[in-house]
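There are 2 protein chains.
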Amino acid sequence: MRAEIITVGTELVSGQTLDRHSYYLSQECYTLGVPVYFHTSVGDNDKQLMDVIRLAHSRSDLVFLCGGLGPTEDDLTKEVLAEFLAEELILDPKALDHLKQIFIHRLEEIPSNNYKQAYVFKNGTLFHNLHGTAPGLTVTKDQVTYILLPGPPRELKPMFEASVRPFLMRLLSQKSVIRLKDYGFFGIGESSLAEKLNDLIQNQSNPTIATYAKDVGVILRLTAYATDEEEAERLFAPLEEEVFRRVGSYCYSKQNESLEEVVFGLLSQQNKTVAFAESCTGGLATHLLTTVPGSSKVVKGGLVCYTNEIKTLMANVPEDTLNKYGSVSFETAKYLADNTRQQFTTDYALSITGIAGPSATEGKPIGLIWIGLAERGKVTRVYQLQLKGSRKRIQLLAANYALFILQQRIKKGELMQ
Amino acid sequence: MRAEIITVGTELVSGQTLDRHSYYLSQECYTLGVPVYFHTSVGDNDKQLMDVIRLAHSRSDLVFLCGGLGPTEDDLTKEVLAEFLAEELILDPKALDHLKQIFIHRLEEIPSNNYKQAYVFKNGTLFHNLHGTAPGLTVTKDQVTYILLPGPPRELKPMFEASVRPFLMRLLSQKSVIRLKDYGFFGIGESSLAEKLNDLIQNQSNPTIATYAKDVGVILRLTAYATDEEEAERLFAPLEEEVFRRVGSYCYSKQNESLEEVVFGLLSQQNKTVAFAESCTGGLATHLLTTVPGSSKVVKGGLVCYTNEIKTLMANVPEDTLNKYGSVSFETAKYLADNTRQQFTTDYALSITGIAGPSATEGKPIGLIWIGLAERGKVTRVYQLQLKGSRKRIQLLAANYALFILQQRIKKGELMQ
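Heads up: the protein sequence lines correspond to chains A and B, in order.
When we follow UniProt numbering, the leftmost residue of the first sequence carries the number 1, and every step to the right adds one.
When we follow UniProt numbering, the leftmost residue of the second sequence carries the number 1, and every step to the right adds one.
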């Protein structure tokens, strides 16, 4: 099976909107074992869209069409496809009912334009839209299956997860169960991870293995095809074991969670609290943990001590220490972590001090970072990192390393090297 | 002139990499007055790439080809295009010299694979690559102009700015000067901004007007076509005046800067310092300002006081105040700003306290935010906002509103309403 993805909208080709759907659907297709060969974006123009569909029909077995299902005159996707396939559109009572419910909820009459959204392919199926007025649609002709999805991301993604993925699984094979596992890795680059698993990736069959670089960290996705859940688990087990034997120390999550979610979960389970003392990251580590709902249970707060004056004044780092070792040093990181834990009376405190760039200071190189971790009743440890990248990149990595170090500590009860 | 953009790489169609180049180049083409009708992504496959080029040749006058200029066997773009156009590639001495310089700098021999990067179209021109080994290329045949650009964003964008935009301006008209002005707006949505300028947008000719939504805020781009810089300025003046009359209060920058860059610039010019007290934003406002190089000159630091305990312990907010008015209140915001300014001995202090969600607390609605601004020798003011969106969105907007409020204060010497 060969797939391609078409995104429809003048806002895409004019540069108003970034197309993320092709990226998302390609990942999902990869997971389902369906190769994608082309992405196309085209404006809201019936002739151009017809040409794009004609070409797709000639070269693909599965065609996604995203966008252009709205109520306006510009929304042409369904109508152009129906014309090209010479397939009839009919008013669907269930789709109409869904529209009515939405507009009753809004205390409005259905605008006359919106009625067209209740029309579906007579020889097709519809996908329920939990978050909007336009149903998703599918129709097959000449052994080419079309899947039409609404443009707004908050509608497309839930529809894909709830309806389209199961539909495709049935389409691909009536009996197969497809199971995904997404593992979160940190502290190892995508290429290093792929290299360490190179033979497994080269010889993959079932489960398949793929890596995806995120802004921070890497996702390793295993996909198993099986007749039932139990068989899927049996297929995962040896591969997972081998992956963990090689690179397990970099894995912070067996689900697709962020580092901050994992750290929040661990602290929360154990009823522990944390505070931060940040210099070069300027509050980013603290902020990241507070993006998790409920984080006030575990984050008491933190200090951003961006200047030496404030390191002394607010975090009680001795002036002597700053003069002798500099603000970017083992000693300063240790004082910051210890004093902050005491001031905030928390179980843990993390400190971060370093050179984010763009210029070296204190005669120390850009990217040098010290991270301190204080724990109630334990010896405070300090870690040295040498990071690469732009100023923002170094800040982002340093904040995440601090969270990663805390996660390793809580998980192992002892320190990583 | 009709343009289209082709991005080449298996990592694109397999969902490993998000295509941002098509988005970027479409914006640039729009600015140059060249409409883009199609985006296509295709893998590293010579036959598929040839088909895509053949189609583009039949329907466009200007074709961008991004990626596939690297040294590996997978990198096929130049070779496939040369074959399709029946145009010769020749070794270019300047390009070879550039390669040599790069590898001398790396203390390496030129790998044999890389030599192919010094081959250019005999009947074409090359664009110098300041950040990598692959030069950009252009060649014209059958009145179709191809522009080949390297895939890495850190190479493509500087090359576009330095060489390709001027090349296109010459191509479009020997005499025209094109001038862009990007204005940064905050506190007004893209649709509201467009509505307030609707007649100007509808009747645009020269200069043109376009709006682009950013993660935070909106860019308004004016583009003037003129015979010289002076004429461009004359063309801008009346339109700029009218835009400012209507929506000037939302404009924080007449260049495409971020809010934090503008605030840093203003503080820096006046030798003023700032500190922060953040509750619901968890350090994000402080962090944003520290992303600007040199920010230690103006940011002394801040407190993240995420719990009531810490608001009292570290920021001296009276327990009575927290009990009587709650942590999300005018009074708490005022204490936080005042006390932080005093503790950190800064010229300004900003405080942020609010309900980021996902649930309401203290009987107050999600999105309610209080921002305090203390200034040495002035009355402290407190602003109330009601924001919408996810938890992360509310945090991001609240942090940016704090910076916006500070920017307005410094600029006007007095407060916005």
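We put the CB at the ideal spot given by N, CA and C, even for glycine.
Please read all numbers here as calculations on a predicted model, not as lab measurements.
Which residue's Cα is closest to the Cα of residue i: the options?
i	options	result
A349(B)	G363(B), G301(B) and L387(B)	G301(B)
G326(A)	E309(A), R106(A) and R341(A)	E309(A)
N114(B)	G136(B), T72(B) and A402(B)	T72(B)
K141(A)	G124(A), P318(A), V243(A) and E375(A)	G124(A)
A360(B)	V382(B), A374(B), R391(B) and R341(B)	R391(B)
H39(B)	K78(B), S22(B), H57(B) and S279(B)	S22(B)
K94(B)	G136(B), Q48(B) and Y252(B)	G136(B)
Y146(B)	L62(B), A56(B), R393(B) and D347(B)	L62(B)
L396(A)	I355(A), R381(A), Q269(A) and E319(A)	I355(A)
V144(B)	F160(B), H128(B), L172(B) and E155(B)	L172(B)
S279(B)	Q16(B), T208(B), N203(B) and A398(B)	A398(B)
Q27(A)	K116(A), S14(A) and E161(A)	E161(A)
L222(B)	E230(B), A213(B), V216(B) and L235(B)	L235(B)
L168(B)	E241(B), R2(B) and L267(B)	R2(B)
I369(A)	V34(A), F276(A), T290(A) and S329(A)	S329(A)
D338(B)	K324(B), P318(B) and S268(B)	P318(B)
N45(B)	P35(B), E79(B), D19(B) and A56(B)	E79(B)
How is the beta strand (DSSP E) around residue i delimited, first residue to last?
i	result
D182(A)	V177 to F185
C305(A)	V299 to C305
S351(B)	Y348 to G354
R381(A)	R381 to Q386
V52(B)	Where V52(B) is concerned, there is no enclosing beta strand (DSSP E), although the alpha helix (DSSP H) it sits in stretches over D46 to R59.
K141(B)	G136 to K141
S253(B)	C251 to S253
L130(A)	No beta strand (DSSP E) contains L130(A), which DSSP labels as neither H nor E.
S14(B)	From DSSP, S14(B) is part of no beta strand (DSSP E); its letter is neither H nor E.
A3(A)	A3 to V8
Y146(A)	V144 to L149
L368(B)	L368 to E375
Strictly below 7 angstroms CB to CB, what residues from chain B border residue i?
i	result
P358(A)	P293
F344(A)	I310
Tell me whether residue i is buried or exposed, calling it buried when 16 or more other Cβ atoms sit within 10 Å of its Cβ.
i	result
P150(B)	buried
A237(B)	exposed
K388(B)	exposed
L91(B)	exposed
I178(B)	buried
L406(A)	buried
P166(B)	exposed
T358(A)	In the sequence under discussion, the amino acid at residue 358(A) is Pro, which differs from the Thr named in the question. The residue in question, P358(A), is exposed, as its Cβ has fewer than 16 Cβ neighbours within 10 Å.
E375(A)	buried
V164(B)	buried
E414(A)	In this prediction, E414(A) scores a pLDDT of 48, lower than 50, which makes its location untrustworthy; no coordinate-derived value is stated.
P111(A)	exposed
K47(A)	exposed
Q417(B)	Reliability of the predicted coordinates at Q417(B) is poor, the pLDDT of 39 falling under 50, and no value is obtained from them.
F244(A)	exposed
H98(B)	buried
H105(B)	exposed
From which residue to which residue does the alpha helix (DSSP H) around residue i run?
i	result
E261(A)	L259 to Q269
C66(A)	First-last for C66(A): L62 to C66, but that is the beta strand (DSSP E), not the alpha helix (DSSP H).
K122(B)	Premise fails: K122(B) is in no alpha helix (DSSP H) and is neither H nor E.
E87(A)	Taken as a continuous stretch (DSSP letters only), E87(A) belongs to no alpha helix (DSSP H), as it is neither H nor E.
Y37(A)	Premise fails: Y37(A) lies in the beta strand (DSSP E), V36 to V42, not in any alpha helix (DSSP H).
Taking C-beta pairs closer than 9 angstroms, name the residues in chain B that residue i reaches, listed in chain order.
i	result
Y212(A)	G15 and Q16
F38(A)	V13, T40, S41, V42, G43, Q48 and V52
L32(A)	Ordered by position in chain B, no residue passes the 9 angstroms Cβ test against L32(A), which lies about 11 angstroms from the chain.
F395(A)	In the sequence under discussion, the amino acid at residue 395(A) is Gln, which differs from the Phe named in the question. Near Q395(A) (Cβ distances below 9 angstroms), the residues of chain B are H287, T290 and T291.
M159(A)	Neighbours of M159(A) on chain B: none; closest Cβ ~18 angstroms, over 9 angstroms.
M169(A)	Within 9 angstroms Cβ-Cβ: nothing; M169(A) doesn't reach chain B, min ~18 angstroms.
Could you work out which residues of chain A lie near residue i, taking near to mean beta carbons separated by less than 7 angstroms?
i	result
Q27(B)	G15
Y306(B)	T290, S296, V299, K300 and G301
L200(B)	In chain order: nothing, as chain A lies at least about 18 angstroms away.
List, in chain order, every chain B residue whose beta-carbon is nearer than 8 angstroms to that of residue i.
i	result
R376(A)	Residues of chain B passing the Cβ test: none, with the nearest at roughly 16 angstroms.
R391(A)	T291 and P293
R246(A)	The contacting residues do not exist; R246(A) stays about 21 angstroms from chain B at best.
For residue i, which residues in chain A fall below 8 angstroms Cβ to Cβ?
i	result
S163(B)	Simply none; closest approach about 20 angstroms.
Unbroken beta strand (DSSP E) runs of length 3 or more, entirely within the segment 199-231 of chain A: which are they?
208-213 and 218-226
Which complete alpha helix (DSSP H) runs does the segment 307-342 of chain B hold, if anything under 4 residues is left out?
308-315 and 319-325
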